[in-house]
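Peer 1:
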Amino acid sequence: MASAALDVVEGEPLKPQDKLLSLENLLITPHMAWYSEETIYEIQRKAALNVLKVLIR
């Protein structure tokens, strides 16, 4: 594997001396990789559709 990006790692929070933090080909995000304006809109849209499905039944 040439590189990796992780949003979740075992044993969080990582300690400063953790070996993962020394890998140059690894990107670790703080559980925020999913966040964007588009994602928020899509989550809201899907939630509203689910509410409508329940109300229409």
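The number in the working numbering is simply the position in the sequence shown, starting from 1, with 1087 added.
Positions of the beta carbon are idealized from the N, C-alpha and C atoms, including for glycine.
The structure presented is a predicted model; accordingly, all values stated were derived computationally and were not measured.
When you compare the CB positions of L1113 and A1091, do they come within less than 8 Å of one another, or not?
Peer 2: Their beta carbons are under 8 Å apart, which means L1113 touches A1091 by this criterion.
Peer 1: Whole angstroms is fine: what's the gap from A1134's alpha carbon to V1095's?
Peer 2: In a straight line, the C-alpha of A1134 is about 25 Å away from that of V1095.
Peer 1: If you check the beta carbons only, do L1093 and I1115 fall under 8 Å apart?
Peer 2: It is a contact, given that the beta carbons lie within the stated cut-off.
Peer 1: Under the three-state reduction of DSSP, which class applies to L1093: helix, strand or coil?
Peer 2: Strand, per DSSP.
Peer 1: Just the C-alpha distance for I1143 and P1103, rounded to the nearest angstrom, thanks.
Peer 2: Answer to the nearest angstrom: the Cα atoms are 52 Å apart.
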